[in-house]
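For the sequence shown, this note's numbering begins at 19 and goes up steadily by one.
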Amino acid sequence: MQEEFYFLEKIVIVAAKRTPIGKFRGQFKQMSAVELGIACLNGILSEQPIADQIDQVLIGNVLGAGLGQNPARQIAMGSGLPNRVTATTINDVCGSSLKALHYAQLSLLSGEANVVVAGGVESMSNAPLLLQRPDKKQPVDRQGLLIDSLFADGLTDAMTQEAMGKEIEQLVAQRHYTRQQQDDYANRSQQKAAKAAADQLFDAEIVPIRVDDQWLTHDESVRSATTLEGLAALRPSFAADGTITAGNASPLNDGASMVVLTTASYAQTQHWPILAAVGEFSEVGVASPDFGIAPIQAIQNVLTKAHLQVTDIDRYELNEAFAAQAIAVQEGAKIPVERLNVTGGAIALGHPLGATGTRLIVTLAHALQRDDKQHGIATLCIGGGQGIAVHLTREG
Numbered sequence: 019m020q021e022e023f024y025f026l027e028k029i030v031i032v033a034a035k036r037t038p039i040g041k042f043r044g045q046f047k048q049m050s051a052v053e054l055g056i057a058c059l060n061g062i063l064s065e066q067p068i069a070d071q072i073d074q075v076l077i078g079n080v081l082g083a084g085l086g087q088n089p090a091r092q093i094a095m096g097s098g099l100p101n102r103v104t105a106t107t108i109n110d111v112c113g114s115s116l117k118a119l120h121y122a123q124l125s126l127l128s129g130e131a132n133v134v135v136a137g138g139v140e141s142m143s144n145a146p147l148l149l150q151r152p153d154k155k156q157p158v159d160r161q162g163l164l165i166d167s168l169f170a171d172g173l174t175d176a177m178t179q180e181a182m183g184k185e186i187e188q189l190v191a192q193r194h195y196t197r198q199q200q201d202d203y204a205n206r207s208q209q210k211a212a213k214a215a216a217d218q219l220f221d222a223e224i225v226p227i228r229v230d231d232q233w234l235t236h237d238e239s240v241r242s243a244t245t246l247e248g249l250a251a252l253r254p255s256f257a258a259d260g261t262i263t264a265g266n267a268s269p270l271n272d273g274a275s276m277v278v279l280t281t282a283s284y285a286q287t288q289h290w291p292i293l294a295a296v297g298e299f300s301e302v303g304v305a306s307p308d309f310g311i312a313p314i315q316a317i318q319n320v321l322t323k324a325h326l327q328v329t330d331i332d333r334y335e336l337n338e339a340f341a342a343q344a345i346a347v348q349e350g351a352k353i354p355v356e357r358l359n360v361t362g363g364a365i366a367l368g369h370p371l372g373a374t375g376t377r378l379i380v381t382l383a384h385a386l387q388r389d390d391k392q393h394g395i396a397t398l399c400i401g402g403g404q405g406i407a408v409h410l411t412r413e414g
């Protein structure tokens, strides 16, 4: 049941940064998710020295096997925050860091904290292979079985044991989407992202990361040379007669993203610049194979709570897990195409699972300021049958 919620105090974003997004086994292959998170938070603190005022760190992460205890706490301590700072790691699959943002919002509204860091980290490149512990009761052919945690914990629907891409192929069949439609969408995402990068629109949100002797500043999966002909030549990924390919779905990626939140009154007393205010939130559940269209209801719930119409929203940041899923959400929610992912989406920029939610928030907050727009919504589908959305408004 969705109930109307009245905010006692405005919760605002005073800093929003992300790392460049690395491709699978690419520029960040030697960095763990924790190390990416430390680099991202250090980037924020280098511009705003507020470490002594942070109370909580809430970090989304999906592929946590082998990272050690509580990656959020490791990031907090690795960034030099005081020992008193508490930290929690959150796994809500692709919605992890957006859920971290919501938990931060609730913590601030309750008075539990004055300043909270919310974000997400992921290294899909370093998701380990897991060796099952030997068990005499186990069938011989199951003993010593290697499990790829990338697929088991990140890319497979735990309810159905189907690859999430196969479930989107079902959506394609139901909606009669063509390969051409999906490739067209993917090509537009790549071209928008390439133009935004060339126009330096991401510069304000990206923390440069030093690897060896090189400073990395660009998203590695953006391909300005993408063509429809090249996309059409790719083989289907999930079925011989399928339509989903490596070109019209989000790639595997590494990255981190974070925002610093506080109350509007506290930000004003500290004379901190305010990027955006965090408003209405919704997370919904649907049948597991229908996860791709779950954002439709989440968006509608947010609009209802905010007393807004779909056309009142100036910018939509929708995670492009798959082109077909993004098309279905755009159609189902009736999002004006020209307001959707105006600087490209995950098909081009990448989708580091636990980091994508706040990556959308970082991009959206900066876009509202840059383009002098008032309202934005960030939304994602979540494997296992959920969808999530949040409303931002520009401040300042």
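Built from N, CA and C at the ideal position, the CB exists for glycine as well.
Note that this is a predicted model, so its numbers are computed, not measured.
As the crow flies, the alpha-carbon of residue 321 is around 13 angstroms from that of residue 332.
Taken in chain order, the unbroken stretches of alpha helix (DSSP H) that lie wholly in the region 223 to 254 and span 4 residues or more are 246 to 250.
In the displayed model, residue 180 falls within coil according to three-state DSSP, outside both helix and strand. Counting every other CB atom within 10 Å of its CB across the protein chains shown gives residue 271 a total of 16 or more, marking it as buried. Every unbroken stretch of the alpha helix (DSSP H) spanning 4 or more residues and falling wholly within the region 286 to 360 is given here in chain order: 312 to 324 and 341 to 351. If you keep only unbroken alpha helix (DSSP H) runs of at least 4 residues inside the region 51 to 135, you get 51 to 65, 89 to 96 and 114 to 128.
The beta-carbon distance between residue 111 and residue 402, rounded to whole angstroms, is 6 angstroms. This is short enough to meet the 8 angstroms contact definition.
By alpha-carbon distance to residue 342, the top candidate from 301, 261 and 323 is 261. Sequence-distant partners of residue 78 (beyond 5 residues in either direction) whose C-beta falls short of 6 angstroms from its own C-beta, in its chain, are 108, 114, 115, 118, 138 and 372.
In this structure, the CA atom of residue 228 is about 15 angstroms from the CA atom of residue 52. Secondary structure of residue 35 (DSSP, three-state): strand. Under the three-pair Cβ rule at 8 angstroms, the region 120 to 130 does not count as touching the region 373 to 385. In the three-state DSSP reduction, residue 144 falls in the helix class (H, G or I). Residue 278 is bridged by DSSP to 33 and 135. Within the same chain, Cβ atoms closer than 8 angstroms to the Cβ of residue 93 are found at 52, 55, 56, 59, 75, 77, 105 and 139, the five residues on either side in sequence being excluded. Using a Cβ-Cβ distance cut-off of 8 angstroms, the region 220 to 239 and the region 163 to 175 are not in contact, since fewer than three pairs of beta carbons, one from each stretch, lie closer than that value. The shortest CA-to-CA distance from residue 49 to any of 101, 33 and 143 is the one to 143. Secondary-structure assignment with DSSP links residue 41 through a beta bridge to 271. Residue 405 carries a strand assignment under DSSP once its states are collapsed to helix, strand and coil. Under the three-state reduction of DSSP, residue 372 is assigned to helix. Check the Cα spacing between residue 388 and each of 264, 411 and 336: the tightest is with 411.
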